[in-house]
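Asker:
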Amino acid sequence: MKGIHLGEFEELVLLAVASLDENAYAVSIQSELLERVGRKSNISAVHTALYRMEDKGLVESSRGGAEAKRGGKNKRLFKVTNFGINMLKESKEKRESFWKTLPQISTTS
Numbered sequence: 010m011k012g013i014h015l016g017e018f019e020e021l022v023l024l025a026v027a028s029l030d031e032n033a034y035a036v037s038i039q040s041e042l043l044e045r046v047g048r049k050s051n052i053s054a055v056h057t058a059l060y061r062m063e064d065k066g067l068v069e070s071s072r073g074g075a076e077a078k079r080g081g082k083n084k085r086l087f088k089v090t091n092f093g094i095n096m097l098k099e100s101k102e103k104r105e106s107f108w109k110t111l112p113q114i115s116t117t118s
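With positions in the sequence shown counted from 1, the corresponding number in my numbering is that position plus 9.
#1: If you run the structure through DSSP and keep just helix, strand and coil, what is residue 106?
#2: For the alpha helix (DSSP H) holding residue 42, just list the boundary residues, first then last.
#3: Any idea if residue 117 is buried or exposed, counting beta-carbon neighbours within 10 angstroms, 16 or more meaning buried?
#4: Taking its Cβ as the centre, do 16 or more other Cβ atoms sit within 10 Å of residue 13, making it buried, or is it exposed?
#5: Identify which residue in 47, 40, 100 and 49 has its Cα closest to the Cα of residue 15.
#6: Give the C-beta separation of residue 67 and residue 23 to the nearest angstrom, bearing in mind that I take them to be a contact with Cβ-Cβ under 8 Å.
#7: Spell out the partners DSSP gives residue 71 in its beta bridges.
#8: Inspect the beta-carbon positions of residue 28 and residue 39 and report whether they are closer than 8 Å.
#9: Given that a residue counts as buried once 16 or more other Cβ atoms are within 10 Å of its Cβ, and exposed if not, what is residue 47?
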């Protein structure tokens, strides 16, 4: 995994893809980011992150079935790869290692 790093937005998009499972496409990912973390994102930023992560091997895509409400266009569905799952786990471990070293913050006034 050396040389591959996740930026904050990429990590959030990757988490959204994993969370949405079979229903992960750009618009659903955009909605998930807004609902879960209050992050408004441009649809083109979501697409850019997805394609960049696909190039890195973190996600893979396939075409879903055509829908009448989309004018017959089929969705590009995304799925987290095993490599992507391992990157998420590694990212979580790194963050947790920092949290463990933080001095306890007093909540008293």
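Beta carbons are placed, not taken as given, at the ideal position from N, Cα and C, and that holds for glycine.
For clarity, every value in this text was computed on a predicted model and none was experimentally measured.
Answerer: Let me spell this out:
#1: Counted from its first residue, the sequence shown places residue 106 at position 97. Correct three-state label for residue 106: helix.
#2: For the purposes of this step, residue 42 is identified with residue 33 of the sequence shown, where counting begins at 1. Looking at the DSSP string, the run of the alpha helix (DSSP H) that includes residue 42 is 35-46.
#3: Counted from its first residue, the sequence shown places residue 117 at position 108. Residue confidence for residue 117 is low, a pLDDT of 48 falling below 50, so the modelled location carries little weight; the figure read from the coordinates is stated next. The residue is exposed, with fewer than 16 neighbouring Cβ atoms inside 10 Å.
#4: Residue numbering aside, residue 13 sits at position 4 when the sequence shown is read from its first letter. Exposed, since its Cβ has fewer than 16 Cβ neighbours within 10 Å.
#5: The residue labelled residue 15 in the question sits at position 6 within the sequence shown. The shortest C-alpha separation from residue 15 is found at 100.
#6: By one-based count along the sequence shown, residue 67 stands at place 58. By one-based count along the sequence shown, residue 23 stands at place 14. Taking the Cβ atoms as the reference, residue 67 lies roughly 6 Å from residue 23, within the contact range of under 8 Å.
#7: As a first step, residue 71 is located in the sequence shown; it is residue number 62 there, counting from the start. DSSP, once it has assigned bridges, lists 86 as partnering residue 71.
#8: Here residue 28 corresponds to residue number 19 of the sequence shown, with the count starting at 1. Here residue 39 corresponds to residue number 30 of the sequence shown, with the count starting at 1. Taking 8 Å as the Cβ cut-off, residue 28 and residue 39 do not qualify as a contacting pair.
#9: In the sequence shown, counting from the first residue as 1, residue 47 sits at position 38. It is exposed - the Cβ of residue 47 has fewer than 16 other Cβ atoms within 10 Å.
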